[in-house]
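J.:
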Amino acid sequence: GTNGVSGLNGTYSVFVSPDNKNVYVAGTDDSAVAVFGRDLNTGVLSYIETQSDGTNGVDGLFGALIMEASPDGNYLYVLGAYEDAMAIFQRMSNGALTFVTKVENGVGSVDKMSYPIDLSISDDGENVYVTSFNDNALVVFERNPTTGTLFFVDAEEANSDGVNGMSGANSVTLSSNGDHLYMTGENDQAVAFFTRNEATGQLEFVESHINSSDG
3 GTNGVSGLNG TYSVFVSPDN KNVYVAGTDD SAVAVFGRDL NTGVLSYIET
53 QSDGTNGVDG LFGALIMEAS PDGNYLYVLG AYEDAMAIFQ RMSNGALTFV
103 TKVENGVGSV DKMSYPIDLS ISDDGENVYV TSFNDNALVV FERNPTTGTL
153 FFVDAEEANS DGVNGMSGAN SVTLSSNGDH LYMTGENDQA VAFFTRNEAT
203 GQLEFVESHI NSSDG
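Rendered as structure tokens:
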């Protein structure tokens, strides 16, 4: 609302692009992503634009929450928690965004992605992993590095096939070599641990550590 800046109502998260040239801010109440240019020497920001849900064909940003860019910096992925979706944008040379498409729970083959709350992209750019708070699940996507589009692979779900520690699935992160994935189950007060198949992106549950259990 100052100096032409928009999209920052209910600011929730901030992300710096891999090339350090841009800063992206999710405004949950505005269902928007504000784009800033960043001075590499001073760190000072200059407002570029705002991408808002339902404007100029943009979709999947309702309740914009968390975002992350592909390792090459060419695409930005933003969770729209209130519509169980993830919006995909292509980054332009100045950091501005162009809407590509969205993936949405219950559309096509996508499943177990009710209230997506965090995401992590593998360093090889081949997979995107999304936690679903309401479904107590972790959704696995295969990623096309050229187009940025995603394809549903599988979902790991709490209390299924021996998996535990995932109730209230929240934060997720991958090890730097991409071999392992760690996620938190807020309601279980736990952290769950998976091994990752780098060829397929699929996960295998190893164990969980639960608060007030085994020390």
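End of the sequence shown = 217 in our numbering, gap-free, step of one.
Note that the Cβ used here is the ideal one computed from N, Cα and C, for glycine as well.
By Cβ distance, which residues of its chain are closer than 6 Å to SER169, with the 5 residues on each side in sequence left out?
T.: Counted from its first residue, the sequence shown places residue 169 at position 167. Closer than 6 Å at Cβ, skipping near neighbours: ASN138, ALA160, GLY187, ASN189, ASP190.
J.: Does the region 11-20 come into contact with the region 28-38, if we say contact requires no fewer than three beta-carbon pairs (one atom in each stretch) closer than 8 Å?
T.: Flag = yes, the region 11-20 and the region 28-38 touch.
J.: Can you tell me the Cβ-Cβ gap for VAL132 and MET115, rounded? I've got them flagged as a contact below 8 Å.
T.: As a working note, residue 132 is residue 130 in the sequence shown. As a working note, residue 115 is residue 113 in the sequence shown. That pair is a contact at about 6 Å.
J.: For VAL218, count the other beta carbons within 10 Å of its own beta carbon; 16 or more makes it buried, fewer makes it exposed. Which is it?
T.: There is simply no residue 218 to check, as the chain begins at 3 and stops at 217 in what is shown.
J.: Residues bridged to LYS114 by DSSP?
T.: Numbered from its first residue, the sequence shown carries residue 114 at position 112. Its beta-bridge partners do not exist; DSSP assigns none.
J.: With three or more C-beta pairs closer than 8 Å as the rule, is the region 142-154 touching the region 69-89?
T.: Yes, the region 69-89 is in contact with the region 142-154.
J.: On the three-pair Cβ rule with 8 Å, is the region 112-127 touching the region 93-104?
T.: With the cut-off at 8 Å, the region 112-127 and the region 93-104 do not touch.
J.: Out of PHE135, LEU205, ALA36, point me to the one whose CA is closest to SER173's CA.
T.: In the sequence shown, residue 173 corresponds to position 171, counting from 1. Checked all of PHE135, LEU205, ALA36; the closest Cα to SER173 is PHE135.
J.: Is GLU85 helix, strand or coil by DSSP?
T.: As a working note, residue 85 is residue 83 in the sequence shown. Of the three classes helix, strand and coil, the one that applies to GLU85 here is helix, per DSSP.
J.: Nearest to SER178 by CA position, among THR197, ARG145, ALA171, LEU47, is which residue?
T.: Counting from one through the sequence shown, the residue named residue 178 turns up at place 176. Measuring from the Cα of SER178, the nearest candidate turns out to be THR197.
J.: Which residue spans inside the region 29-90 form an unbroken beta strand (DSSP E) run of at least 3?
T.: The region 29-90 contains these whole beta strand (DSSP E) runs: 34-40, 47-54, 66-71, 77-82.
J.: At what residues does the beta strand (DSSP E) containing LEU10 begin and finish?
T.: Taking the first residue of the sequence shown as 1, we reach residue 10 at position 8. Per DSSP, LEU10 belongs to no beta strand (DSSP E) and is neither H nor E.
J.: Using a threshold of 9 Å, state whether the C-beta atoms of PHE64 and ALA83 are closer than that.
T.: Along the sequence shown, read from residue 1 onward, the residue named residue 64 stands at position 62. Along the sequence shown, read from residue 1 onward, the residue named residue 83 stands at position 81. Contact: yes.
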